[in-house]
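Under UniProt numbering, the first residue of the sequence shown is numbered 1, with each subsequent residue one higher.
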Amino acid sequence: MHKTKFLVIGLFILLVILVVLAIRSSLKNENNIPITPSPTKAQLPKFNLLEIKPKEDTSQSYLPITQIEFSFNAKVNPQKFYYQVSPEVKTKVDIKPETDNILILSPEIIWQPGITTITVLPHTTSNDGKALGQSFTYQINTAFPKTPDIDVHY
């Protein structure tokens, strides 16, 4: 009787272990990766423009050589950054060193003094193919520094 108890208890423990292992393995696929539902389009993070520097304030004048930084929430390729500048000025776009989500827009020579409007177009895309989906308009006021009126007495 004593041996039968041990045999029954041993078989019961073995059965419990097998059930636990079967349940755990049913929650994983054959590559041992936990199965999670794939995100729907509504769950995927959107591609967004987070910040533009300098802050938009047309009451303040910046030098006509000021660079403008566009910070995104995802990696972005400068060739996929679509924008318009008015008045038209030749520009160049570079990625900010040591980042993958900040682009720098610079005039090739200078911004025309006065208000310049930059519109980031909705088909600007992240490296993973997500589009902004809407345009963003930014204005910067540029001017050359005024020479001070100095009264010199000799």
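All C-beta atoms in this analysis are idealised placements derived from N, C-alpha and C, irrespective of residue type, glycine included.
Could you tell me which residues DSSP puts in a beta bridge with residue i?
i, result
"residue 55", "Answer by DSSP bridge pairing: none, since residue 55 is not bridged."
"residue 86", "117"
"residue 63", "DSSP, once it has assigned bridges, lists no residue as partnering residue 63."
"residue 94", "104"
"residue 68", "105"
"residue 125", "131"
"residue 49", "72"
Can you give the Cα-Cα distance for residue i and residue j, rounded to whole angstroms?
i, j, result
"residue 142", "residue 95", "23 angstroms"
"residue 97", "residue 103", "9 angstroms"
"residue 77", "residue 46", "16 angstroms"
"residue 4", "residue 17", "20 angstroms"
"residue 132", "residue 147", "43 angstroms"
"residue 128", "residue 61", "37 angstroms"
"residue 87", "residue 68", "16 angstroms"
"residue 74", "residue 130", "9 angstroms"
"residue 48", "residue 89", "25 angstroms"
"residue 151", "residue 66", "31 angstroms"
"residue 100", "residue 85", "23 angstroms"
Tell me which residues share the same chain as residue i and place their Cβ nearer than 8 angstroms to its Cβ, disregarding the 5 neighbours each side in the sequence.
i, result
"residue 56", "138, 139 and 140"
"residue 33", "Note on residue 33: pLDDT 48, under 50, position unreliable in the model; no value is reported."
"residue 64", "107, 110, 111, 112, 113, 142, 143 and 144"
So residue i and residue j are supposed to be a Cβ contact under 8 angstroms. How far apart are they, rounded?
i, j, result
"residue 120", "residue 135", "6 angstroms"
"residue 83", "residue 118", "6 angstroms"
"residue 110", "residue 58", "At roughly 17 angstroms, the Cβ-Cβ gap does not stay under 8 angstroms, so residue 110 and residue 58 are not in contact."
Skipping 5 residues on each side, what residues in its chain have a beta carbon closer than 7 angstroms to that of residue i?
i, result
"residue 92", "106 and 108"
"residue 123", "82 and 131"
"residue 50", "71, 72 and 73"
"residue 149", "none"
"residue 13", "none"
By the three-class DSSP mapping on this structure, what secondary structure does residue i have?
i, result
"residue 134", "coil"
"residue 139", "strand"
"residue 4", "helix"
"residue 112", "coil"
Taking 6 angstroms as the limit between beta carbons, can you name the residues of its chain near residue i, skipping five residues before and five after?
i, result
"residue 125", "80 and 131"
"residue 54", "none"
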